[in-house]
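Student: One structure, as structure tokens, below. Some questions next.
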Amino acid sequence: MAGPATVIAGLLLLALCAHHIAPAGSAHIPSFCCMSFISKKIPESRVVSYQLSNGSVCPMAGVLFTTRKGQKFCGDPRQPWVKRYMKNLAAKKKKASTGTRAMSTTVPV
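Numbering-wise, the sequence shown is residues -27 to -1, 1 to 82 according to mature numbering (1 follows the signal peptide of the UniProt record, and there is no 0).
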């Protein structure tokens, strides 16, 4: 059986290897993942922001939209209406950052 010094040395080696494989801050762990997509589109005027869920980290890639009332739903990023909502929200954010104050903000991740 391995002695305590051998076990500690093994754990330190494992920690060192883990640090080199995934340095701090390099891995993005999302706070959400889309598990399914909404079947009907929500009126665009109700949507105030979106975030992307990464398909390499989550089971499926998706777009998490947030409404004015704080409700959240996932859209299929391949759908034309989802692409349009994202484009329009990004344009609103750009317009807001160039001096015009907008009522809503987007948070693409």
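Just so it is clear, CB atoms sit at the ideal spot from N, CA and C, and this is done for glycine as well.
If we ignore side chains and look at the alpha-carbon of each, how far apart do N61 and T39 end up?
Tutor: On the sequence shown, position 88 is the one that residue 61 refers to. On the sequence shown, position 66 is the one that residue 39 refers to. About 14 Å.
Student: According to the neighbour-count rule (16 or more other Cβ atoms, all chains shown, within 10 Å of its Cβ), is A(-4) buried or exposed?
Tutor: Within the sequence shown, the letter at position 24 stands for residue -4. Caution is warranted here: a pLDDT of 49 is assigned to A(-4), below 50, making its placement in the model unreliable, and no coordinate value can be reported.
Student: Residues in the same chain with beta-carbon distance under 7 Å from A75, minus the five sequence neighbours each way, listed in chain order, please.
Tutor: Numbered from its first residue, the sequence shown carries residue 75 at position 102. Low confidence applies to A75: its pLDDT is 47, below 50, so where it sits in the model is not reliable, and the reading given next is rough at best. If we look at A75 and ignore the five residues flanking it on each side, its Cβ neighbours are K65, K68, A69.
Student: Taking the straight line between their C-alpha atoms, what separation do you get for A34 and Y23?
Tutor: Here the question's residue 34 lines up with position 61 in the sequence shown. Here the question's residue 23 lines up with position 50 in the sequence shown. Answer to the nearest angstrom: the Cα atoms are 13 Å apart.
Student: Going by C-alpha to C-alpha distance, which of G(-25), I11, G28 sits closest to A52?
Tutor: As a working note, residue 52 is residue 79 in the sequence shown. Here residue 52 turns out to be Gln, not Ala, going by the sequence shown. It is I11 whose Cα lies nearest to the Cα of Q52.
Student: For the beta strand (DSSP E) containing K66, name the first residue and the last one.
Tutor: Position 93 of the sequence shown holds residue 66. Here K66 belongs to no beta strand (DSSP E); instead the alpha helix (DSSP H) covers 53 to 70.
Student: Which residue or residues does DSSP assign as beta-bridge partners of S29?
Tutor: Sequence index remark: in the sequence shown, residue 29 carries index 56 (1-based). Note: S29 sits in no beta bridge, so no partner.
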